[in-house]
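Report on one structure; see the data block that follows.
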Amino acid sequence: MAFSPQTNRLSRKAAILTLCLSLSACATTGRDLDFERLSSQWLDAGSGTETNAMGQTDRALAPLLAADVDNALVRWKEVKTTAEREQLAYIVERKISIFQASVALAKDQSRLQALQLEKRDLELAAARLQAEAAQREAEQLRFQNILQAESAERALNDARALAQAQSDAAEIESLRQEQLTQLALKEASIARELAAAQARETKLAQAEAALRGDQVESLERQVAGLREQTTARGKSLILGDAFFASNQGTLSNAGKVNLQPAIKFLARYPNLPVSIEGHSDSRGAAAANQKISQKRAESVRETLIKLAVDGARLKVVGLGEAQPITSNDTDSGRAKNRRVEIVIEGAK
Amino acid sequence: MQHLRSNLQRFAYSWPPVIGAILLFAGCATAPRPSSELAKAALAIEQARTASAERDAPLEWRFALTAMTAATEADQSGKYDAAKQLSERAEIHAELARVKARAAQARSDVQAREAENQQLREQVQEASRKTR
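See the structure below:
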């Protein structure tokens, strides 16, 4: 049985009511108070009903009850006995109550559904707001991070610049120190070199002095030891290596000064011819040796002429390494071989 | 059935007093035993119990139980008319108790949910106020 909308039901209810009332009016028993009360209750219950506001679950219950009550009211007059009529009135009254309760239930159920929807919307809105807040917070955080990163970078750059400046200064300082050190080192080394040079000079001077002293000494000794030698050719006087500038063909100053014995020697034999013979050691080329021996001999002759010896009787010869008087294997031997002999031929 | 069979047995042996008895009790035997009504009432009470009617619709629940007890007593003492009437009342009271209990539950659900939603709404408003 299809249930008609509220307006239809109300009009039908009204029709039933008028029918019942007319029936009861016709009845000989007079007014039925139970019926009137119930009809009125049912009309009130129906007038407050909004079937389209009912929930899904109990939508079926209220209409069935309504049909039940409708039928009971329609069949009211068929019930004859008082007991049965009382029972029916009792039942119908409860059914009207059940109907009212079920309508309230249905309303609350649909209200619940609406509230459920509202709750979902609210939760959605809350979630959206929360998400927005979270997003904003994240953005803020990001912004703060950017600021922090920037300031950190600035600080880093500053620190770097500072460190650079400091290290530059330190570098310059260290460079300066290094230069100073090098300068000091150089100074020290120069001083050392100077000292060494001075020491060398001193040593050299000493050595020179010693050498000069030696030479002078040896010359004096030689002069002192200048002795005439008697050979098969006559008498000869040997001027040692010390009379000459070393490795040169000239007489040394000391040699020139010490030629007095030679002059005396010549003076003793004024009429005899004199041969001034130069000798050398065996080192070097023979030609060079001959040349230097010749020059030394010539040097002696020239010096003797300057000292007022008659140059006519002085004959010069460079004999080189040909006539050594001792071995050329040792320094002293070679020194002895480097000599000039003044030979007076025929002297006895 | 047992009762009926013993009656038949008695009828077989001494039918004149049986006829007399039938005539005597005819007026009383017009109402049958209201087994179906009692069963329906018991079922309705069970459903009301399941719907927590005792807690949420105590007045109707007590009416239903009282009617049911009275109906059972009437049934046991052979007052079938009264038993039928009382069981019908017990059933309708139980049904009313069930629906009222459910309605009360729905009402309290609605109230709880409304309070919950109100709280949520305030939270959302608070949150959106903070947002601006």
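Chains as they are written, first to last, in this note's numbering: chain A, 1 to 348; chain B, 1001 to 1132.
Note that the Cβ used here is the ideal one computed from N, Cα and C, for glycine as well.
Answer yes or no: do Val1110/B and Leu112/A have a C-beta to C-beta separation smaller than 9 Å?
Counting from one through the second sequence, the residue named residue 1110/B turns up at place 110. Counting from one through the first sequence, the residue named residue 112/A turns up at place 112. Going by C-beta atoms, Val1110/B is nearer than 9 Å to Leu112/A.
Got a sec, what are the start and stop residues for the alpha helix (DSSP H) Val340/A sits in?
Taking the first residue of the first sequence as 1, we reach residue 340/A at position 340. Segment 339-345 is the beta strand (DSSP E) holding Val340/A; no alpha helix (DSSP H) there.
Contact between the region 1069-1082 of chain B and the region 64-74 of chain A: three or more CB pairs below 8 Å?
In this structure the region 1069-1082 of chain B does not lie against the region 64-74 of chain A, because fewer than three pairs of beta carbons, one per stretch, are closer than 8 Å.
Secondary structure of Glu277/A, DSSP reduced to three states:
Here residue 277/A refers to the residue found at position 277 of the first sequence. Correct three-state label for Glu277/A: strand.
Is there a C-beta anywhere in chain D that falls below 9 Å from the one on Leu105/A?
Absent from the structure: chain D. Protein chains present are A and B.
Which word fits Ser39/A, buried or exposed, when buried means at least 16 other C-beta atoms lie within 10 angstroms of its C-beta?
As a working mapping, residue 39/A is identified with position 39 in the first sequence. Ser39/A comes out buried.
Could you confirm whether any beta carbon from chain A is found closer than 9 Å to the beta carbon of Asp1109/B?
Locating residue 1109/B in the second sequence gives position 109, counting from the first residue. Residue contact check for Asp1109/B against chain A: a CB pair falls below 9 Å.
Would you please verify whether the beta carbon of Ile98/A is less than 9 Å from any beta carbon of chain B?
Within the first sequence, residue 98/A is the residue found at index 98, counting from 1. Chain B contact via Cβ: present.
Alpha-carbon to alpha-carbon, Gln140/A and Val107/A
Here residue 107/A is taken as the residue at index 107 of the first sequence, counted from 1. Here residue 140/A is taken as the residue at index 140 of the first sequence, counted from 1. Checking the displayed sequence, the identity of residue 107/A turns out to be Lys instead of Val. Answer to the nearest angstrom: the Cα atoms are 48 Å apart.
Just by C-beta distance, which residues in the region 1031-1050 of chain B are closer than 8 Å to chain A?
Listed in sequence order: no entries.
Shorter than 9 Å from the beta carbon of Glu1116/B to some beta carbon of chain A?
Here residue 1116/B refers to the residue found at position 116 of the second sequence. With 9 Å as the cut-off, Glu1116/B counts as an interface residue toward chain A.
Use the C-beta contact count for Phe99/A: other C-beta atoms within 10 angstroms, 16 or more gives buried, fewer gives exposed.
Residue 99/A sits at position 99 when you count from the first residue of the first sequence. By the 10 Å Cβ count, Phe99/A comes out buried.
Gln290/A burial status per 10 Å Cβ neighbour count (16 or more: buried)
Along the first sequence, one-based indexing puts residue 290/A at 290. The residue is buried, with at least 16 neighbouring Cβ atoms inside 10 Å.
Kindly say whether Arg111/A, judged by its beta-carbon, lies nearer than 9 Å to any beta-carbon of chain B.
Taking the first residue of the first sequence as position 1, residue 111/A is located at position 111. For Arg111/A, the answer is yes, since a Cβ of chain B falls inside 9 Å of its Cβ.
Just to confirm, is the Cβ distance from Ala1070/B to Ala1097/B under 9 Å?
Against the second sequence, residue 1070/B aligns to sequence position 70. Against the second sequence, residue 1097/B aligns to sequence position 97. For the 9 Å CB-CB criterion, Ala1070/B and Ala1097/B do not form a contact.
N- and C-terminal bounds of the alpha helix (DSSP H) containing Ser299/A
As a first step, residue 299/A must be located in the first sequence, where it is residue number 299. First-last of the alpha helix (DSSP H) with Ser299/A: 286-306.
Could you tell me whether the region 192-201 of chain A touches the region 298-314 of chain A, where touching means 3 or more Cβ pairs closer than 8 Å?
A contact is defined here as three or more CB-CB pairs under 8 Å, and the region 192-201 of chain A fails this definition with respect to the region 298-314 of chain A.
Looking at chain A, which residues of the region 1074-1090 of chain B have a Cβ within less than 7 Å of any of its Cβ atoms?
Against chain A - using a Cβ distance shorter than 7 Å - the residues of the region 1074-1090 of chain B are Gln1085, Glu1088, Arg1089.
So the candidates are Ala184/A, Val274/A, Lys186/A; which of them puts its Cα closest to the Cα of Glu341/A?
Translated into positions along the first sequence, residue 341/A becomes position 341. Nearest option by C-alpha distance: Val274/A.
Residues that DSSP places opposite Lys336/A in a beta bridge
Walking along the first sequence from the start, residue 336/A turns up at place 336. Answer is none; Lys336/A lacks a bridge partner.
For Val1110/B, the three-state DSSP class (helix, strand or coil):
By one-based count along the second sequence, residue 1110/B stands at place 110. Note: Val1110/B maps to helix in three-state DSSP.
Any C-beta of chain A under 9 Å from that of Ser1128/B:
Within the second sequence, residue 1128/B is the residue found at index 128, counting from 1. Output row for Ser1128/B: interface = yes.
Please determine whether the Cβ atom of Gly346/A lies at a distance below 8 Å from any heavy atom of the ligand SAM.
Because no ligand of any kind appears in the structure shown, any question about the ligand SAM cannot be addressed here.
Quick one: measure Cβ to Cβ for Ala297/A and Gly318/A, integer angstroms, because I've assumed they're closer than 8 Å.
Sequence index remark: in the first sequence, residue 297/A carries index 297 (1-based). Sequence index remark: in the first sequence, residue 318/A carries index 318 (1-based). Here Ala297/A really is in contact with Gly318/A; their C-beta atoms are around 6 Å apart, less than 8 Å.
Hey, does Arg1102/B have any beta-carbon neighbour from chain A nearer than 9 Å?
As a working note, residue 1102/B is residue 102 in the second sequence. Arg1102/B counts as touching chain A.
Which residues, in chain order, does the region 79-98 of chain A contribute to contact with chain B at a C-beta distance below 8 Å?
For chain B, the residues of the region 79-98 of chain A that bring a beta carbon within less than 8 Å of one of its beta carbons are Ala83, Gln87, Tyr90, Ile91, Arg94, Lys95, Ser97, Ile98, in chain order.
What residues of chain A sit near Ala1106/B, judged by a beta carbon separation below 7 Å?
Translated into the one-based positions of the second sequence, residue 1106/B becomes position 106. Within chain A, the residues Leu105, Asp108, Gln109, Leu112 have their CB atoms less than 7 Å from the CB of Ala1106/B, given in chain order.
Considering Gln350/A, what are the terminal residues of the alpha helix (DSSP H) in which it resides?
Only positions 1 to 348 of chain A appear in the structure, and residue 350/A is not among them; the question remains open.
Assigned secondary structure, Ile238/A (DSSP; H/G/I helix, E/B strand, else coil)
For this step, residue 238/A is matched to residue 238 along the first sequence. Ile238/A: strand per DSSP, three-state reduction.
Alpha carbon to alpha carbon, how far is Glu1114/B from Glu979/B? Give it in angstroms, no decimals.
The shown model of chain B, from 1001 to 1132, leaves out residue 979/B, and the question about it has no answer.
CA-CA distance, Glu1091/B and Lys95/A?
On the second sequence, residue 1091/B is found 91 positions in, with the first residue counted as 1. On the first sequence, residue 95/A is found 95 positions in, with the first residue counted as 1. Their backbone Cα atoms lie some 11 Å apart in a straight line.
I need the straight-line Cα distance from Ala267/A to Val257/A, nearest angstrom please.
Along the first sequence, one-based indexing puts residue 267/A at 267. Along the first sequence, one-based indexing puts residue 257/A at 257. Approximately 17 Å, taken between the alpha carbons.
Tell me whether the beta-carbon of Leu353/A lies closer than 9 Å to the beta-carbon of Arg1055/B.
Nothing in the structure corresponds to residue 353/A, since chain A is present only between 1 and 348.
Going by DSSP in three states, Val309/A sits in which element: helix, strand or coil?
Position 309 of the first sequence holds residue 309/A. DSSP places Val309/A in coil when its eight states are reduced to three.
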